[in-house]
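Shown next, in structure tokens, is the structure this report addresses.
Protein chains: 2
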Amino acid sequence: MDGQVAAELHELHARVCKAIADPKRLLIINELRDQELSVGDLCEALDISQSNVSQHLAILRERGVVSTRRDGTRVLYTLRGTKVIQAVDLLREFLAEDLADRGRLGSEMTG
Amino acid sequence: MDGQVAAELHELHARVCKAIADPKRLLIINELRDQELSVGDLCEALDISQSNVSQHLAILRERGVVSTRRDGTRVLYTLRGTKVIQAVDLLREFLAEDLADRGRLGSEMTG
DNA sequence: ACACTACATTCGTATCTACGCATATAACAA
DNA sequence: TTGTTATATGCGTAGATACGAATGTAGTGT
Chain A
0 MDGQVAAELH
10 ELHARVCKAI
20 ADPKRLLIIN
30 ELRDQELSVG
40 DLCEALDISQ
50 SNVSQHLAIL
60 RERGVVSTRR
70 DGTRVLYTLR
80 GTKVIQAVDL
90 LREFLAEDLA
100 DRGRLGSEMT
110 G
Chain B
0 MDGQVAAELH
10 ELHARVCKAI
20 ADPKRLLIIN
30 ELRDQELSVG
40 DLCEALDISQ
50 SNVSQHLAIL
60 RERGVVSTRR
70 DGTRVLYTLR
80 GTKVIQAVDL
90 LREFLAEDLA
100 DRGRLGSEMT
110 G
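Protein sequence lines correspond, in order, to chains A and B.
Here the first sequence is numbered in numbering that gives the first Met the number 0, starting from 0 and rising by one per residue.
Here the second sequence is numbered in numbering that gives the first Met the number 0, starting from 0 and rising by one per residue.
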């Protein structure tokens, strides 16, 4: 495969990864895991300002992670597909294993 | 669940996600997919400077994504476990679907 | 000891990102 | 129209990130 094309694809790939590489966006994704929510719902549930929630949702929208639907004055957000959630869960399992490993190492070192 | 603890866990979770949220680190991870490689091997294969490769590997090491083994003067890098690779692949599939939806570059991904 | 190779780390800087604030847009009601 | 609610977007800035260049460190051989 052409190195130039490979680099550009990895750039796009990284953009999708960056979509989930922020603590607040992970919180948002978790809230949307099994329910459709408005911007205001997310603000209240996560105690984050409206403008900040909208900014994070704009990133998730741009990367194709979420889709939107209007309901009167509100805009409801949903996760598009399950692959992103699956990836998020895999990385969380990875983190859990890593924390367990380091916890075991730490206790061994401290006796 | 306590919101404060949840936020801290998502901070750690995001740190793992950030590890794969960079095009060069994705290239490195792909090179290590099925072979153990030295820093110099990666520099040559990816045409990236030695210091930059070492910097990216330091991040992957710190996040627990790769492990190291000394062989003389060289240091060989390996992926720790398969969960990160699985997550990377899922996000790549997600990207491929999204690009196909938008009608661009979809065929490049499956080749 | 010295030199050489392979890798890691520090530093300065350019670029990027997240955030608050203010403002703009959209839908609806009176 | 005006007003109100809900969401989006532009702007400025503090902090994070990526990079090259230089330097530090570890292992090997002479």
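Even glycine gets a Cβ: it sits at the ideal position worked out from N, Cα and C.
Using 8 Å as the limit for Cβ to Cβ distance, is A/VAL52 near chain B? no
Three-state class that DSSP yields for B/ARG32 in the structure shown: coil
Mapping DSSP to helix, strand and coil, what is B/SER66? strand
Is it right to say A/MET108 is buried, meaning 16 or more other beta carbons lie within 10 angstroms of its own, or is it exposed? Summary for A/MET108: the model assigns pLDDT 45, below 50, so the residue's position carries little reliability; its value from the coordinates is reported in the next sentence. Classification for A/MET108: exposed.
C-beta contact flag for B/ILE47 and B/LYS23 at 8 Å: yes
Going by Cα to Cα distance, which pick from B/SER37, B/HIS9, B/ALA44 and B/GLN54 is closest to B/GLY71? B/SER37
Taking the C-alpha atoms as reference points, what is the distance between A/GLY102 and B/GLY63? 13 Å
At what residues does the beta strand (DSSP E) containing A/ARG73 begin and finish? 73-78
Would you mind telling me which residues of chain A sit closer than 9 Å to B/LEU75, beta carbon to beta carbon, in chain order? None at all; the shortest Cβ gap to chain A is about 20 Å.
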